[in-house]
Amino acid sequence: MRILHTSDWHIGRTFHTHSTLEHLRIVLDALVDVVRDRSIDVVVVAGDVFDSAMPSADSYTLLATALREIRNAGAQVIMTSGNHDSATRLGFQSEWAGLAGIHVITRPEQVATPVTLTDEHGPVHFYGIPFLEPALVRHLYANQTHPERTLKTHEQVLTFVMDQIRSDLAVRGGRSVVLAHCFAAGVAATQEASDVERDITAGGLDLVPVSVFEGPDYVALGHIHGRARLEDRVRYSGAPLHYSFAEAAKPRGAWQVDLGPDRSGKGAELEIEWVALPVPRRLSVLTGELEELLTADRFAAFEGDWVSAVLTDQVRPLDGMRALQKRFPHCVTLEHRPAVVVDTGSESYAERINRQTDPDIVAGFLSFVRNGVGQTEFERDLVAELLAAGELKEVTQ
1 MRILHTSDWH
11 IGRTFHTHST
21 LEHLRIVLDA
31 LVDVVRDRSI
41 DVVVVAGDVF
51 DSAMPSADSY
61 TLLATALREI
71 RNAGAQVIMT
81 SGNHDSATRL
91 GFQSEWAGLA
101 GIHVITRPEQ
111 VATPVTLTDE
121 HGPVHFYGIP
131 FLEPALVRHL
141 YANQTHPERT
151 LKTHEQVLTF
161 VMDQIRSDLA
171 VRGGRSVVLA
181 HCFAAGVAAT
191 QEASDVERDI
201 TAGGLDLVPV
211 SVFEGPDYVA
221 LGHIHGRARL
231 EDRVRYSGAP
241 LHYSFAEAAK
251 PRGAWQVDLG
261 PDRSGKGAEL
271 EIEWVALPVP
281 RRLSVLTGEL
291 EELLTADRFA
301 AFEGDWVSAV
311 LTDQVRPLDG
321 MRALQKRFPH
331 CVTLEHRPAV
341 VVDTGSESYA
351 ERINRQTDPD
361 IVAGFLSFVR
371 NGVGQTEFER
381 DLVAELLAAG
391 ELKEVTQ
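Yeah, the sequence shown ends on 397 if you go by full-length UniProt numbering, and it's all consecutive.
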């Protein structure tokens, strides 16, 4: 059986206030071509189908179109809800969708009831584990756990659920695939999480040891936005689109998993291949002084990219973003990180201005806020004129 492992579509997510729907549509159209060209039997989506618990009408339309085209290309679909999804909304009418080969698993009571598909080597049981927040599901299992066994963490909940799955699989027999949406221990050694993933982790998604997933022939994980191999049979596919500049260097695509016959109790034969998907618009971080970014030929190749600019000018340029967007229309972030930072010492402001004249105080302030760059001759003359006018007004009053 040929499986395409994807996750974290995040339909409806914005990128620095810009809609990503059209770019995601391009990627999902390419995914449909992969299904058709490679004769994929099953597409699995391991959580975070939508980016919001209240998706827009356009987001629903994009999902419906993608699912219809995947089915028309010859594959069935199995998807679970992630921590970004509303399980209720995503799972609405899932019973009827399952009759059409689109299996949406969002309810805790579904975890030990697999979607079973059959190929020439026999049945393959797909167990979908929706995102299970411990505080919201522990009461569901109160009569099934021993008093000393608590369900306070994701590790404890997923351990309990996997025990149920292994018990069910022992009765059914055959090959198996598990879908789960979690932060599995070991991923940190593979890659650094992006800022998007850190936000989710801060919301309570804690680490789950890979050993929790012992048993199935393949474990399709979601949540991490970059591909990762924790074990040969336990992998993250990552998101199909870049949603953060921290993800810029991470490839976009899916895992093609060929699940062969069972090897007499040693698990199914696995052949796994990475399938790249298109990147509609690259993400690039450009560093340099403003004038260099605006004029240097070496930056011409990035004019069509999403751009995050890091300006190294000693003084922060005025209207830097507006100037950058004339050359880079999709520049969305700007950071001032001067190459030279003047040491202002440890004195307090009161100590610095003690026994100084008014012109010296103004000059020192401008130098301080402009990273050591002092007054121009024009500014010096203007300050002197204003101070003189102020003194004259005080005398005449």
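Ideal Cβ positions, reconstructed from N, Cα and C, are used throughout, including at glycine.
None of the values given here were measured: they were computed from a predicted structure.
Buried or exposed (CB count within 10 angstroms, at least 16 for buried), residue i
i	result
A276	exposed
D360	exposed
R13	buried
residue 441	As displayed, the chain neither begins before 1 nor continues past 397, which places residue 441 out of reach and without an answer.
G238	buried
L270	exposed
D51	buried
H154	buried
R355	exposed
P130	buried
G253	buried
Rounded distance between the beta-carbons of residue j and residue i, thought under 8 Å
i	j	result
A75	V43	5 Å
H5	A220	4 Å
P134	Q156	7 Å
P108	L132	6 Å
Cβ-heavy atom distance, residue i to the ligand PLP, below 6 Å
i	result
L179	Judged by which ligands are present, the structure shown has none, so any question about the ligand PLP falls away.
Per DSSP, the bridge partner or partners of residue i
i	result
I78	V44, H103
P130	P130 pairs with nothing; no bridge assigned.
residue 455	In this structure the chain extends from 1 to 397, so residue 455 is not present and cannot be described.
H18	F15
I3	V42, V257
A296	None, per the DSSP bridge assignment.
H336	L311
DSSP-derived helix/strand/coil call for residue i
i	result
F183	strand
Q256	strand
residue 400	This structure cannot speak to residue 400, because the chain is shown only from 1 to 397.
R355	coil
G390	helix
P123	strand
S56	coil
R235	strand
E95	helix
G174	coil
T376	coil
T190	Because T190 carries a pLDDT of 46, less than 50, the predicted location of this residue cannot be relied on, and the following value inherits that uncertainty. DSSP places T190 in helix when its eight states are reduced to three.
G226	coil
H139	helix
A248	coil
Inter-residue Cα distance where the pair is residue i and residue j
i	j	result
I11	P240	10 Å
residue 399	D313	The displayed coordinates of the chain run from 1 to 397. Any statement about residue 399 would go beyond what the structure contains.
V285	A112	45 Å
P331	V340	The amino acid occupying residue 331 in the given sequence is Cys; Pro does not appear at that position. Distance between the alpha carbons of C331 and V340: 24 Å.
A66	R337	42 Å
R316	R322	13 Å
G390	D381	14 Å
A46	L318	45 Å
A64	G173	34 Å
Q325	E303	9 Å
G128	A180	7 Å
R198	E95	Residue confidence is low: R198 scores 45 on pLDDT, short of 50, so the model does not pin down where it sits. No coordinate-derived value is stated.
G186	V208	9 Å
R36	R71	10 Å
V257	H103	19 Å
S167	F160	11 Å
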